[in-house]
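Numbering (the numbering used here), first residue to last: 2 to 525. All residues carry an ideal CB built from backbone N, CA and C; glycine is no exception. To start, the structure under review is shown below, and the notes come after it.
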């Protein structure tokens, strides 16, 4: 539909919206397109005697007011519940409105190797001056619509892109809406998780949402030792000295990190997690050595459960609700194994969101009702102490540790020490209370190559490949795949020993050679 100098389809558009449209799908439509549409629906009766060009001018000025208010962080005229037509907004669902993930449709077109990546042919401040310009503008609009449909299908899981294939975020939201009576169609994953936590807590306490922000909170000073689990112990003097060094240090909001070096293993310990300092190197399993990765399952939820950690101002009913969701997730997993019904798989995912980003993650968010800096650090710092206990026991038994991160470690294990390794892991699980939940999950690799702790390619014994950082070839759509051909060439080299220069010369997808930069507001 076109409204302007060369035609006025306003009444036809309004008739179409009223008679033929039950809901709409778009990109940033809740806070933009639907705002403009609602303005037209509510004000068109005043424009009966105006020309198409005059009406277009009114709509244009309203559009600019929306942009100005968004820039000034002011409320818009129409909250979602006031919109005449229900909206499905893939921009909000994928959390691409988040400051750290902000993603334009143009950027998605680049990430998807889109057939036609173009700018609008006219400057909106100047306007359209011919029917030819109008036709080109309409082509531009249809190109955006086509790419929006593509992103919608990806969000539905209808894609060959492995990261998204079969993962229907839209269906998940309808399942949650029907099961929990939460209006979550346009909620991001973390918000869905938080709403489930909140709903359960309000039900158990009889409080209202408004009450959550009036509960008094106590800000206390605390040290690293205040966050240590009661069962921690160390045997090696270097570990004891390190713990003595940090235990009385006050935990602050600012960054704090400490180093612990033992033999050729250097660990960096910070409030939020720990990791090793790794250089560029490569390992292969063989007849003498096993490359084994051990990750702690459900690390944060299990830490909260077993150490009975909860936001202090919310009390133990928060914890009761939280542990209840752990049980519901385990039940959903079991039900899916038995029935293979997709809704149980969806509930498993939803409860996972609630247990991590929707609750633990919110303990560190100052404006959130669950914010408790002390409790959050009891989780993270306590977890690091536990991993240090495992690292120490492995080192005592001369097991070589290649790399360490927040929730696991990779060892180059002599085959005749496999029994000792397994025994150490089992004993550690019992000692720290991970023998019921939070057990170690093991993966054996054929090869492991890295340039740093967060940049590596690992080939599992079953042939599956794990890639991270510089070695990544499959990307979340808000990321940057610039010069992807480099990582693709490295993957072929480490998987099949295919020459890197030959791969690059033979590679046919020109998009994999492209680079993109997000322009800043002051870019010329």
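From the options, pick the residue whose C-alpha is nearest to that of residue i; which is it?
i: residue 291; options: 511, 70, 449; result: 449
i: residue 273; options: 365, 208, 250; result: 365
i: residue 210; options: 219, 200, 217, 51; result: 200
i: residue 306; options: 221, 376, 293; result: 376
i: residue 400; options: 224, 178, 447, 263; result: 263
i: residue 413; options: 285, 486, 475, 346; result: 285
i: residue 517; options: 15, 81, 60, 109; result: 109
i: residue 278; options: 456, 507, 60, 226; result: 456
i: residue 261; options: 372, 269, 255; result: 269
i: residue 136; options: 51, 3, 60; result: 3
i: residue 496; options: 94, 507, 466, 521; result: 466
i: residue 355; options: 229, 195, 17; result: 195
i: residue 152; options: 184, 197, 179, 97; result: 97
i: residue 513; options: 72, 13, 112, 49; result: 112
i: residue 420; options: 434, 117, 398; result: 398
i: residue 471; options: 281, 208, 28, 431; result: 281
i: residue 95; options: 480, 120, 330, 374; result: 480
i: residue 37; options: 17, 46, 62; result: 62
i: residue 442; options: 432, 411, 101, 463; result: 411
i: residue 314; options: 350, 246, 73, 218; result: 218
i: residue 266; options: 17, 404, 505, 207; result: 404
i: residue 106; options: 493, 498, 478; result: 478
Using DSSP's beta-bridge definition, name the partner residues of residue i.
i: residue 293; result: 412, 445
i: residue 382; result: Beta-bridge pairing links residue 382 to no other residue.
i: residue 459; result: 449, 467
i: residue 271; result: 258
i: residue 276; result: 269
i: residue 4; result: 9
i: residue 474; result: Residue 474 is not bridged to any residue.
Do we get a CB-CB distance below 8 Å when we pair residue i with the residues of chain B?
i: residue 205; result: Note that chain B does not occur in the displayed structure, where there is just one protein chain.
At what residues does the alpha helix (DSSP H) containing residue i begin and finish?
i: residue 322; result: 317 to 340
i: residue 201; result: 190 to 206
i: residue 437; result: Note, residue 437: premise wrong, no alpha helix (DSSP H); not H, not E.
i: residue 245; result: 238 to 247
i: residue 254; result: Premise fails: residue 254 is in no alpha helix (DSSP H) and is neither H nor E.
i: residue 142; result: 132 to 156
i: residue 212; result: 210 to 213
i: residue 176; result: 170 to 181
i: residue 503; result: 501 to 507
i: residue 521; result: Premise fails: residue 521 is in no alpha helix (DSSP H) and is neither H nor E.
i: residue 1; result: In the structure as shown, the chain begins at 2 and stops at 525. Residue 1 is therefore absent and cannot be evaluated.
i: residue 306; result: 300 to 307
i: residue 111; result: 106 to 112
i: residue 345; result: 343 to 356
i: residue 40; result: 35 to 44
Give the DSSP-derived three-state secondary structure of residue i in the structure shown.
i: residue 49; result: coil
i: residue 21; result: helix
i: residue 161; result: coil
i: residue 516; result: coil
i: residue 401; result: strand
i: residue 485; result: helix
i: residue 602; result: Residue 602 cannot be examined here, being either before or after the span of the chain that is shown, 2 to 525.
i: residue 263; result: strand
i: residue 67; result: helix
i: residue 122; result: coil
i: residue 60; result: helix
i: residue 127; result: coil
i: residue 27; result: strand
i: residue 406; result: strand
For the beta strand (DSSP E) holding residue i, just list the boundary residues, first then last.
i: residue 371; result: Where residue 371 is concerned, there is no enclosing beta strand (DSSP E), given that its DSSP letter is neither H nor E.
i: residue 90; result: 88 to 90
i: residue 285; result: 282 to 285
Looking at the ligand COA, does it come within less than 7 Å of residue i, judged from the CB to the closest heavy atom?
i: residue 351; result: This structure lacks the ligand COA; in fact it carries no ligand of any kind.
Problem - Sufficient close CB pairs (3 or more, under 8 Å) joining the region 234 to 243 to the region 384 to 392 - result: With a cut-off of 8 Å, the region 384 to 392 and the region 234 to 243 count as touching, because enough Cβ pairs lie within range.
Practice task
State whether the region 353 to 361 contacts the region 180 to 197, with contact taken as three or more CB pairs (one from each stretch) at a distance under 8 Å.
Solution key: Yes: the two stretches touch, three or more of their Cβ pairs being nearer than 8 Å.
Practice task
Report yes or no: do three or more beta-carbon pairs, one from the region 317 to 336 and one from the region 158 to 166, lie closer than 8 Å?
Solution key: At 8 Å Cβ cutoff, the stretches do not touch.
Practice task
Please determine if the region 46 to 66 and the region 166 to 178 are in contact, where contact requires at least 3 C-beta pairs separated by less than 8 Å.
Solution key: Output reads no: the region 166 to 178 does not touch the region 46 to 66.
Exercise for the section: Report yes or no: do three or more beta-carbon pairs, one from the region 87 to 97 and one from the region 17 to 36, lie closer than 8 Å? Expected result: In short, these stretches touch, since the Cβ pair count reaches three.
Exercise for the section: Determine, using beta-carbon pairs with one atom in the region 210 to 228 and one in the region 241 to 252, whether at least three such pairs fall under 8 Å. Expected result: Counting Cβ pairs under 8 Å, three or more are found: they touch.
Practice task
Kindly confirm or deny that the region 321 to 336 and the region 481 to 501 touch, where touching means at least three C-beta pairs closer than 8 Å.
Solution key: Touching, no, given that fewer than three Cβ pairs across the two stretches are closer than 8 Å.
Practice task
Decide yes or no for the touch test of the region 294 to 301 against the region 431 to 439: beta carbon pairs closer than 8 Å, at least 3 of them.
Solution key: Below 8 Å, enough C-beta pairs join the region 294 to 301 and the region 431 to 439 to call them touching: three or more.
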